[in-house]
Each structure stands twice: as C-alpha cells, then as structure tokens.
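Student: Questions regarding the structure given below will be posed in turn.
Number of protein chains: 2
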Amino acid sequence: MGFWKTWFSTPEAVASSRTNSFEEMSAEVVGNSSSNGEGVTPPKETRIVFSTERDIDLYELEELCDAVGWSRRPLRKVKKAIEHSFLVATMWQVRGTQRRLIGFARATSDHAFNATIWDVVVHPDFQAKGLGKALMKYVLKKLRSEEISNVTLFADPHVVDFYRTMGFVADPEGIKGMFWYPQ
Amino acid sequence: MGFWKTWFSTPEAVASSRTNSFEEMSAEVVGNSSSNGEGVTPPKETRIVFSTERDIDLYELEELCDAVGWSRRPLRKVKKAIEHSFLVATMWQVRGTQRRLIGFARATSDHAFNATIWDVVVHPDFQAKGLGKALMKYVLKKLRSEEISNVTLFADPHVVDFYRTMGFVADPEGIKGMFWYPQ
Ligand SMILES: CC(C)(COP(=O)(O)OP(=O)(O)OC[C@H]1O[C@@H](n2cnc3c(N)ncnc32)[C@H](O)[C@@H]1OP(=O)(O)O)[C@@H](O)C(=O)NCCC(=O)NCCS
Ligand SMILES: CC(C)(COP(=O)(O)OP(=O)(O)OC[C@H]1O[C@@H](n2cnc3c(N)ncnc32)[C@H](O)[C@@H]1OP(=O)(O)O)[C@@H](O)C(=O)NCCC(=O)NCCS
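Residue numbers (the UniProt record's numbering), protein chains in the order written: chain E, 1 to 183; chain A, 1 to 183.
Below is the structure:
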C-alpha cells in the first residue's frame, strides 16, 4: 500500500518502546534496529511511530475516538476537517508488519501566525505512559518548524493540567477562550 | 479595477448609514437607492458595506491596525494569513465612488466543525456605533452558512463583554483557552 511506502521511506519516528516503557529518540528508529545492543531483534518488538500522513482509515480513527467516549461525527465531515487542517498528527503502535492507530491530534491555522490544536486523543490502553506528551511534543515541533508563533487550544477542565505540563498557560494576561452559542 | 467590479456585481451590503446612525438591512443596498422615499440621493450619502473579498490593500489594513495600536506584523506574513484564513471579512465606508476600510475580521477553520475568529478591529472613528457588532454578525452569518457549528475566539480582557453581547460565552463548562509558551 502507498501508505506503508510513504511511511517507511520518510519515517518520522521519535519514540521506541518495548511493552510498557518507551524512549523518546531524536534519531529515526524505523527499520530493523537491534534495540539494546544485544544484536537481537525480538519478533514482537513494539515501536511507537508518529506521522503527519493524512491517508487515515476513518473507521480506525472513529474506533479510537469511540474508545475515549467521544460522540460520533459524520465521517464525511471528519474527512473534510482532516483535509483542511493545517497539521494532522497520528501515533501508531507498530509490531512487525502490523500497525495500530493509538493517538491523534490536528491543528487549524492561518499558516502564518496562529495555530489551534483540536481533537487530541490517546487510546486508553496507552494512556498515562507519557505518550500523550510525546504526541503533543511532536505536534509542537511541527508547528514551530512552520514558524507558527501563537499555538493555542481549548482544553476540557480535566486536561488543563495535562497541557500545563507542556508549557501551555490558561488565560494568559486575562485572554479568555470564548464559544459562540446562537442567542 | 477588478475590486470594484467584484464589489458591485456581488454586493454583500447589510448596513446603510447617514452620518452617525446606521440601519442593518437584510436587502442589498448597494446601488443608487433613493434612501428615504424622497427620491433624492444626497451627494454625500454614506453607506457601510461588508465584503468577503480578499483583494485587500495591505497598507490600508496596516493603517487600520495601527489606528488601534496593534504592533506591526510583516506584510508577507499578513498576506499569507489572509490567503489561508477560511473567512476574511472587511467593512467599508462608501461615499460616492470612494471607499475606506474601517473594519476587519478573519477566521481560521477546518471547513467542517470549528472556526476561530482573529483580528477583529473597527477604526476608532467608527467605534461605539454598533458597527463592531454588525461586523461580527456578518462573520457569524457567513460561518453558519458554511455549516460551522463551533465558533470560537480568544478575547482580550477589555473586549470580553463586547463578545458577550453577541452570545459568546467565556469558559463554557470549564473549557479553558490555553496558549503555548516554549519552556
Ligand atoms: C489527555 C490525554 C491525551 C493524555 O494522554 P496520556 O498519554 O495519558 O498523557 P501522558 O501520559 O503523556 O501524560 C503527560 C503528563 O500529563 C499528566 N496528565 C495526563 N493526563 C492528565 C489528566 N487528565 N489530567 C492531569 N494531568 C494529566 C501526566 O501525569 C503527565 O505528567 P508528568 O509529565 O508530570 O508526568 C489522554 O488522557 C486522552 O486521550 N484522554 C481522552 C481524550 C481527551 O480528553 N482529550 C483532550 C480533549 S481537550
Ligand atoms: C472591540 C471593537 C471591535 C468593538 O467595536 P465597536 O464598533 O466599538 O463595538 P459596537 O459599537 O458594535 O458595540 C457592540 C456592543 O458591545 C459593547 N462594547 C463595545 N466595545 C466594548 C468594550 N471594549 N467592552 C465592553 N463592551 C463593549 C457596546 O457597548 C455594545 O453593547 P450593546 O449592544 O449592549 O449596546 C472595537 O472597539 C475595536 O476595534 N477595538 C480595538 C481592537 C480590539 O481590541 N479588538 C479585539 C481584540 S480581541
């Protein structure tokens, strides 16, 4: 499939893991790296890989969003939103030749000053292992490389602290996030 | 100029004014409407006209932003931001054949679910006459016509009440606007 070709020819892996623990790496780790100097690649080596590839199976994405209890959205609109997002970031568990979508985030932007991050999600099986933070780091790195200076988001109350650990500040200088509801 | 052709062939005027007062109109008012049934069009009739045309003189826009004390931004980036905004709304004072840029707003979006409004400004000479509200109504109408359900913005503390008058709510259900600052 075209997907895998793109994937492995321009790997954007930043993290590698065995079972539960994972290391963040600046080097590319996709390929048959022997993982711990013992010269042996275990058959079930697990890697966490990041991508900005937009060729996402929408049903797989829906499954991921279902897993955290988000209400379903028309796939037609999800497709449109992905096409028109400035950045789409996915996180995959790769074991041998199999891959599983375990994280997602996207950002809208004017391509110049502002970006706004939406729909950050990590599959419950993979939460609380630092992977949400790794995904966000990946997103921020990509946005910075595009010279976006103002990175924003709207955080549900239970994840405000999650974003704080990454350097996000709520209501800086009294700036308020506002949502419009027809009167 | 192409600008005027587009302008008058697809008028999107929603407001008409004489000196200070103005009326919002659902009908198109651009053209030589005799304004109050007396059958006379005064030579200095003033109309306020709205547009989504992106062919904006960047120096005129810079002047408008200067007038409210915003710090200058590289025009190259302003141009890019305008190109990549989902919606660009301008407000003009039209007197005879002259036009003057007196208001501006733009929105980024994923074209499906979310839009975020940025850079809302009304020239000081025209503030506190209801024109900011009219501009925002125009923006909201355009976003709604594109089926955007979630309209958001980040409001400076001194304009939170301005947006409240239009139905914007700060921190609904505890959702927090957050800005990223590199640690
Ligand atoms: C929010 C979410 C993306 C976090 O992903 P994660 O992989 O569990 O987070 P991490 O393990 O990388 O945590 C990173 C840091 O944030 C903290 N953290 C994680 N989730 C948190 C939460 N819900 N509240 C407060 N802190 C949290 C961790 O303790 C960790 O702190 P540390 O760096 O000091 O150790 C994930 O829980 C999720 O997908 N939730 C459901 C969807 C959701 O609510 N998305 C946000 C919508 S606005
Ligand atoms: C904010 C701004 C766009 C408002 O435009 P305006 O044309 O003066 O506003 P309007 O006359 O349409 O006011 C509409 C309503 O908001 C209220 N309002 C206007 N400015 C306000 C302010 N700064 N604070 C509180 N309320 C305000 C008005 O009283 C009016 O209320 P009403 O409908 O109950 O009578 C304009 O003042 C401006 O350009 N300011 C400088 C740039 C700026 O700060 N932009 C916002 C950046 S986040």
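A virtual CB, placed ideally from N, CA and C, is assigned to each residue, including glycine. Here the structure is a predicted model, which means the values were calculated and not measured.
1) What does the Cβ neighbour count give for Ala-81(A), buried or exposed, with the cut at 16 atoms within 10 Å?
2) Using C-beta distances below 8 Å, list every residue in its chain close to Arg-95(E), excluding the 5 sequence neighbours before and after it, in chain order.
3) Using a beta-carbon distance below 8 Å, is Ala-67(A) in contact with chain E?
4) Give a yes or no on whether the C-beta atoms belonging to Phe-113(A) and Thr-152(E) are separated by under 8 Å.
5) Does any residue of chain A have a CB that is nearer than 8 Å to the CB of Lys-137(E)?
6) Does chain E have any CB closer than 8 Å to the CB of Phe-154(A)?
7) Would you decide whether His-158(E) is buried or exposed? Buried here means 16 or more other CB atoms lie within 10 Å of its CB.
8) With 8 Å set as the bound, which would you pick, yes or no: does the beta-carbon of Tyr-59(E) sit closer than that to a beta-carbon of chain A?
9) Using a 10 Å radius around the Cβ and a threshold of 16 neighbouring Cβ atoms, would you call Arg-72(E) buried or exposed?
10) How about Phe-104(E): is its C-beta nearer than 8 Å to some C-beta of chain D?
11) Can you list, in chain order, the residues of its chain with a C-beta nearer than 6 Å to that of Met-178(A)? Leave out the 5 residues immediately preceding and following it.
12) Out of Ile-148(A), Lys-129(A), Lys-176(A), Gln-183(A), which has the shortest C-alpha to C-alpha gap to Tyr-181(E)?
13) Spell out whether any CB of chain E is found under 8 Å from the CB atom of Lys-141(A).
14) Please tell me whether Lys-129(A) has its Cβ less than 8 Å away from any Cβ of chain E.
15) Measure the C-alpha to C-alpha separation of Thr-52(E) and Val-78(A) and round it to an integer number of angstroms.
16) Ligand 2 and Ala-155(A): does any heavy atom of the ligand fall closer than 7 Å to the residue's C-beta?
17) Classify Met-166(E) as helix, strand or coil using the three-state DSSP reduction.
18) So the candidates are Phe-50(A), Leu-75(A), Ala-128(A); which of them puts its Cα closest to the Cα of residue 239(A)?
19) For Asn-150(E), which residues of its own chain have a beta-carbon under 6 Å away from its beta-carbon, when the five flanking residues on both sides are left out?
20) Tell whether a beta-carbon distance below 8 Å holds between Thr-108(E) and Asp-57(A).
21) Report the option in Thr-90(A), Ser-85(A), His-84(A), Pro-74(A) whose CA atom is closest to the CA atom of Ile-138(A).
22) Anyone know if the C-beta pair for Val-122(A) and Leu-135(A) falls short of 8 Å?
23) Return helix, strand or coil for Val-78(A), following the three-state DSSP convention.
24) Would you report the Cα separation of Trp-70(E) and Phe-162(A), rounded to the nearest angstrom?
25) Determine the closest residue to Gln-183(A) out of Val-160(E), Arg-99(E), Leu-140(E), Gln-93(E), with distance taken between C-alpha atoms.
26) Quick check on Gly-132(E): does DSSP put it in helix, strand or coil?
27) Beta-carbon separation of Asn-62(E) and Leu-75(E) under 8 Å?
28) Identify whether Ala-155(A) lies in helix, strand or coil by the three-state DSSP scheme.
29) Residues of chain E with CB closer than 9 Å to the CB of Lys-133(A), please, in chain order.
30) So what does Ile-117(E) bridge to, in DSSP terms?
31) Measuring CB to CB, does Lys-129(E) end up less than 8 Å from Met-166(E)?
32) Taking only beta-carbon atoms, is Phe-8(E) less than 8 Å away from chain A?
33) Under 7 Å from any heavy atom of ligand 2, does the C-beta of Ala-128(A) make it?
34) Check Phe-126(A) in the structure and name its three-state DSSP category.
35) So Asp-171(E) packs on Lys-176(A), CB below 8 Å; how close in whole Å?
Tutor: Reading off the structure:
1) The residue given as residue 81(A) occupies position 81 in the second sequence. By the 10 Å Cβ count, Ala-81(A) comes out buried.
2) As a working note, residue 95(E) is residue 95 in the first sequence. Only Lys-44, Glu-45, Thr-46, Arg-47 meet the Cβ criterion.
3) Mapped onto the second sequence, residue 67(A) falls at position 67. No, Ala-67(A) does not count as interfacial toward chain E.
4) Taking the second sequence and counting its residues from 1, one reaches residue 113(A) at position 113. Taking the first sequence and counting its residues from 1, one reaches residue 152(E) at position 152. If you check the CB distance, Phe-113(A) and Thr-152(E) do not come in under 8 Å.
5) For the purposes of this step, residue 137(E) is identified with residue 137 of the first sequence, where counting begins at 1. Cβ-Cβ to chain A under 8 Å: no for Lys-137(E).
6) Taking the second sequence and counting its residues from 1, one reaches residue 154(A) at position 154. Yes, contact with chain E.
7) What you label residue 158(E) is simply residue 158 of the first sequence in a count that begins at 1. Answer is exposed; the Cβ neighbour count stays below 16.
8) As a working mapping, residue 59(E) is identified with position 59 in the first sequence. It does not: the Cβ of Tyr-59(E) has no partner Cβ on chain A nearer than 8 Å.
9) As a first step, residue 72(E) must be located in the first sequence, where it is residue number 72. An exposed status is given to Arg-72(E), since fewer than 16 other beta-carbon atoms sit within 10 Å of its beta-carbon.
10) The structure shown contains no chain D; its protein chains are E and A.
11) Counting from 1 along the second sequence, the entry for residue 178(A) is found at position 178. There are no such residues.
12) Looking up residue 181(E) in the first sequence gives position 181. Answer by Cα proximity: Ile-148(A).
13) Within the second sequence, numbered from 1, the residue matching residue 141(A) stands at position 141. No, Lys-141(A) lies away from the interface with chain E (no Cβ there is under 8 Å from its Cβ).
14) Here residue 129(A) corresponds to residue number 129 of the second sequence, with the count starting at 1. Not one chain E Cβ lies under 8 Å of Lys-129(A).
15) Position 52 of the first sequence, counted from the start, is the residue given in the question as residue 52(E). Position 78 of the second sequence, counted from the start, is the residue given in the question as residue 78(A). One C-alpha to the other measures close to 26 Å.
16) Residue numbering aside, residue 155(A) sits at position 155 when the second sequence is read from its first letter. The beta carbon of Ala-155(A) sits closer than 7 Å to at least one heavy atom of ligand 2.
17) If you number the first sequence from 1, residue 166(E) lands on position 166. If DSSP states are grouped into helix, strand and coil, Met-166(E) belongs with coil.
18) Beyond the ends of chain A as shown, which are 1 and 183, falls residue 239(A); an answer cannot be given.
19) Here the question's residue 150(E) lines up with position 150 in the first sequence. Counting only Cβ-Cβ distances below 6 Å, and skipping sequence neighbours, we find Phe-113, Asn-114.
20) Here residue 108(E) refers to the residue found at position 108 of the first sequence. Here residue 57(A) refers to the residue found at position 57 of the second sequence. No.
21) Translated into the one-based positions of the second sequence, residue 138(A) becomes position 138. Going by the sequence as given, residue 138(A) is Tyr instead of Ile. Considering only alpha carbons, the answer is Thr-90(A).
22) Translated into positions along the second sequence, residue 122(A) becomes position 122. Translated into positions along the second sequence, residue 135(A) becomes position 135. Yes, the Cβ-Cβ distance between Val-122(A) and Leu-135(A) is below 8 Å.
23) Here residue 78(A) refers to the residue found at position 78 when the second sequence is read from its first residue. Of the three classes helix, strand and coil, the one that applies to Val-78(A) here is helix, per DSSP.
24) Residue mapping note: residue 70(E) aligns to position 70 of the first sequence, counting from 1. Residue mapping note: residue 162(A) aligns to position 162 of the second sequence, counting from 1. Each residue's Cα considered, the two are about 32 Å apart.
25) Counting from one through the second sequence, the residue named residue 183(A) turns up at place 183. Among Val-160(E), Arg-99(E), Leu-140(E), Gln-93(E), the Cα nearest to that of Gln-183(A) belongs to Leu-140(E).
26) Residue mapping note: residue 132(E) aligns to position 132 of the first sequence, counting from 1. For Gly-132(E), the secondary structure class from DSSP, reduced to helix, strand or coil, is helix.
27) Locating residue 62(E) in the first sequence gives position 62, where the first residue counts as 1. Locating residue 75(E) in the first sequence gives position 75, where the first residue counts as 1. The question names Asn, but residue 62(E) is Glu in the sequence shown. Cβ distance < 8 Å, so Glu-62(E) and Leu-75(E) count as in contact.
28) Locating residue 155(A) in the second sequence gives position 155, counting from the first residue. DSSP, reduced to helix, strand and coil, places Ala-155(A) within a strand of the structure shown.
29) The residue labelled residue 133(A) in the question sits at position 133 within the second sequence. Neighbours of Lys-133(A) across chain E, judged by C-beta separation under 9 Å, do not exist; the nearest C-beta is about 12 Å away.
30) On the first sequence, position 117 is the one that residue 117(E) refers to. By DSSP's assignment, Ile-117(E) forms a beta bridge with Ala-107(E), Leu-153(E).
31) Reading the first sequence from its first residue, position 129 is the one you call residue 129(E). Reading the first sequence from its first residue, position 166 is the one you call residue 166(E). One thing to note: Lys-129(E) has its Cβ no nearer than 8 Å to the Cβ of Met-166(E).
32) For the purposes of this step, residue 8(E) is identified with residue 8 of the first sequence, where counting begins at 1. Low per-residue confidence applies at Phe-8(E): pLDDT is 31, beneath 50, and the placement is therefore not dependable enough to give any value.
33) Taking the second sequence and counting its residues from 1, one reaches residue 128(A) at position 128. Yes, the beta carbon of Ala-128(A) sits closer than 7 Å to at least one heavy atom of ligand 2.
34) One-based indexing of the second sequence puts residue 126(A) at position 126. If DSSP states are grouped into helix, strand and coil, Phe-126(A) belongs with the helices.
35) As a first step, residue 171(E) must be located in the first sequence, where it is residue number 171. As a first step, residue 176(A) must be located in the second sequence, where it is residue number 176. About 7 Å separates the two Cβ atoms, so the contact holds.
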